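Heads up: the structure comes next, in C-alpha cells.
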Amino acid sequence: MATTGEATAIVSHVENQKKKKKKGPPVRYWQENGKDENQAGGDGGKAPQQKENRKDESQAGGEAPQQKEPKTKKRKQEEAQGGGKKFISGKSDPFPGPAPIPQERLEKFKRKENIKKRRKQHYKLKDMISRSEETSQMAQKQAARFDILLPEDAGFLEGEEDEDTCTISQEDIADAVDITSGTKYFNLKLSQFGPYRLDYSKTGRHLLLGGRRGHVACVDWQSKQLMCEINVMESVNDVKWLHSETMYAVAQKKWLYIYDSNGIELHCIRKFNDVLRMQFLPYHFLLATASATSFLQYLDVSVGKEVAAICTKTGRLDVMCQNPRNAIIHLGHSNGTVTLWSPNQREALVKMLCHHGGVRSVTVDKSGTYMLTSGMDKKLKVYDIRTFKPLKSYFLPAGASCLSLSQRGLLSAATGDIVQVYRDVWSTPVTKPYMAHRVRGTAWGLQFCPFEDVLGVGHGDGFTSMLIPGAGEPNFDGLDANPYRSVKQRQEWEVKALLEKIQPELITLNPNELGQVDHATFTQRHQDRVTALGFDPLAKEKFVPRYKKKGRSSTGSVEKRKKKVAHEDLRDVIRETVEDKMKVEKERKEKDLKTGESSGSKSALDRFKK
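Okay, structure coming up:
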C-alpha cells in the first residue's frame, strides 16, 4: 500500500508530464498576439476537429492519403491567394509583384521582333530561341525600368516675354549659369596660324586643333591642360582623333601622318596623298579619307593596312561626312550631287541631285534618318535617307559653309563669321534661329562636343567654345564612351573594342539585311548549279530522319541514318551513270565497225598484209 506522501508525489509527477506534453514550441514575440486572439476567438479548438473530420472523410471514401506539398510551393500558393507577400505584422502587400512599366518606355528599348520558331523536330533550336527571346525581353524591361533613374536632364534656353533667344549673348549665358558651366565658354586667340579645323574625341573630353599653316595642338579642354603642341612646317588640311585620345591623324600637304598624344610621329602613310577630308569609323577601326585626286581610301588602323581605294571620278573631294548608323560615307561634289559609298563596292550606292550649284557641306543625324546639305544656291535642304526625298528647304541669304548636328538634333550653320543654331529643323518649319553668335574670323570648322552643351568653332582668329543649352546628350554609356574613365579603364575598353571590331565587309546601306537570307542570290546560284549539273539536285525532297526517343535521336545517330540513305541514292546514280557510259561505248564500237566495213575497197598496199 502506498502512503499518502507517495500518492501525492505520483499525482504531481503525472501533472508535470501532462504540462510538458501540452507545452508546444517556443512562441516568438510577434506570434503571441495572434495566439491570444485565436484562443479568445475559439479558433484553437476548431483545428483538431477539422483534422479529425478530414481523416474520417478520407477513411470513409477509401481514398489514399495525399502526399504533402512542398513548403515553398504551398507558401507561394497562399501568397497568390492572399494577395501577395505577408509581412511580420500579418498584413499583405497592397501592390503585389513588380511595378508596371509604361508601354512607351518599353518601345523605346525594343531590340528585335520575335523569331519564327521551327518545326517540332528542332527542339534544341526551339529552346535556344526561347531563351534568347527571354533574355532580350528581360534586358528590355531592365533598361526601361532603370531609365527613370538617369540622373541628368537635357538643358534648354527660354527667353522672357517677347524676347528672342537668338538675341541672348554668350556673355549673358556664361554669367547666368554656374561657375563650372561658365568656364566652358572661352576664346583662344591663335591668329598667327589660322584658320583652324577641330575635332572632339568620342568621350568629349579632349580637343584637337589643326591650323592651316601647320599648327597642331591637343588640349584637355575642360581642365584647360595642354597635352602637346607641334608645328608640322607645312599646310594642314584636316585633323581627326582615332579610336582613343592617344593617337590622331593629320592630313598634311602631301601625305597622311599619325601622331601620338605627346606629338611624336608614329607613321607616315605615303599611299594616302593629297588628303583633304577624313572620317573615322569607331566600330570598324577604319579611317576614311577623301583626296584632291578624287580617291576615297579606307585605312584599317588596327592592323595598318589599306582596305579599299576607290576612284570616284568626280573631281576634287572636299565635302565629306559619315552616317553614324551604318558607317556609309557621304561625299558632296561640285555638280550639286551627293553620293553614298561603301568599301565593298567600286561604284556609288546612291547618287542624289541635291542642289543646282556645288555642295558646300553635308551632315547626317545620329539615327541615320535625316541628311542636311547646303549648296552654292544658298539653300539648306533636309532629306529623308530612307526614301531619298527632300522634306524641307530653307533659303539662307548668304548660304552655309559649314554644318554640324548635335546629339539632340540641334543644327549649327556657319555663314562667314556668324554662327547660327537652329532647333527642330526636320519636324517643323523654322523661321528664326535658336541662337546666334559672331566670331572673330571666317568660320572654317564646326562641331558639337559629345555629352556637353558646347559648340566648338574654328575660325581665322583661333578657336571659340560656345554654350548651347540642350545640345548634348545628358547621360552617357559608361561602357562605351566614359568621359571620366581612368587609364586602366581605357586600356580595358580598347582591348574589348578590338575583340568586337566589325569587319568592313558588313558595311551596307541597310544594316538590317545582315540577319536575312538573300533569296535572289540563292535562286540565281541554284539556277547556275542546275545548268552545270544538267539536273536539279534539290528536286527530290531531302530525307528527314524520324525522331526517336531514349537518346536514339542524338546528332551522331541522325547523321548516320542520313549517310545510309545518301549512299543508297548515290549507288543508284552511279549504277545509272555506268550503264549510260557502257551504252555509249557500245554504240561507238558498232559505229566504228560499220565505218570499217563501208570502207572495204582494196588498195595497192593490201598485198603487204599477211
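Numbered per the working numbering, the sequence shown spans residues 649 to 1258. By construction, the Cβ of each residue, glycine as well, lies at the ideal position given by its N, Cα and C atoms. The structure displayed is predicted, hence computed values, not measured ones.
Boundaries of the beta strand (DSSP E) harbouring Arg1008: Val1007 to Val1012, taken from the DSSP string. Leu1051 sits in a strand when the DSSP states are folded into three classes. With a beta-carbon spacing of about 4 angstroms, Phe933 and Ser950 fall inside the 8 angstroms limit used to define contacts. Just measuring C-alpha positions, the residue of Leu929, Glu1216 and Asn879 sitting nearest Gln840 is Asn879. DSSP, reduced to helix, strand and coil, places Lys1190 outside both helices and strands of the structure shown, so it counts as coil.
Taking C-alpha positions only, Asp868 is separated from Leu874 by approximately 6 angstroms. In this structure, Ile917 sits away from Leu944, with a CB-CB distance that is not shorter than 8 angstroms. Put simply, the backbone Cα of Phe1183 is about 10 angstroms away from that of Gln1175.
Ranked by Cα distance from Lys756, the options Leu773, Met776, Arg793 and Ser1205 are led by Arg793. Tyr1031 is not a Cβ neighbour of Leu1058, given a cutoff of 8 angstroms.
The closest CA to that of Tyr931, considering only Ala865, Met1230, Lys1208 and Pro1152, is found on Pro1152. The beta strand (DSSP E) runs lying completely inside the segment 1069 to 1155 and spanning 3 residues or more are 1083 to 1086, 1091 to 1096, 1102 to 1107 and 1110 to 1115, given in chain order.
Within the segment 925 to 950, the runs of beta strand (DSSP E) at least 3 residues long that lie entirely inside it are, in chain order, 934 to 939 and 943 to 948. In terms of CA proximity to Arg1008, Leu1028 leads the group Tyr1018, Leu1028 and Ala996.
With a threshold of 16 other beta carbon atoms within 10 Å, Asp948 meets it and is buried.
Rounded to whole angstroms, the gap between the alpha carbons of Lys872 and Glu1161 is 45 angstroms. For Arg918, the enclosing beta strand (DSSP E) covers residues Glu913 to Asn921.
Assignment of Tyr771 by DSSP, reduced to helix, strand and coil, places it in the helix class.
For Gly1057, no alpha helix (DSSP H) segment is defined, and its DSSP state is neither H nor E. In the structure shown, Asp1228 adopts helical secondary structure according to DSSP, grouped into three states.
Cα atoms of Phe928 and Ser892: separation of roughly 11 angstroms, rounded to the nearest angstrom. With fewer than three CB-CB distances shorter than 8 angstroms, the segment 1120 to 1127 does not count as touching the segment 825 to 844. In this structure, the beta-carbon distance from Ile796 to Gly807 does not fall below 8 angstroms. Membership of Phe1043 in the beta strand (DSSP E) is indicated by the continuous run Lys1037 to Phe1043. In this structure, Asp966 lies away from Leu914, with their beta-carbon atoms at least 8 angstroms apart. Taking 8 angstroms as the cut-off, the Cβ atoms of Pro1098 and Gln1137 do not count as close.
Taking 8 angstroms as the cut-off, the beta carbon of Leu838 is found no closer than this to the beta carbon of His854. In the same chain as Arg1071, and ignoring 5 residues on each side of it, the C-beta atoms closer than 6 angstroms to its own belong to Leu1058 and Tyr1082, in chain order. In this structure, DSSP gives Phe794 a helical state, which the three-state scheme calls helix. Nearest to Gln818 by C-alpha distance, out of Lys832, Arg779, Met881 and Gly911, is Lys832.
Setting aside the 5 residues that flank it on each side, Ala1084 is surrounded in the same chain by Cys814 and Gln1068, each with a C-beta closer than 6 angstroms to its C-beta; the list follows chain order.
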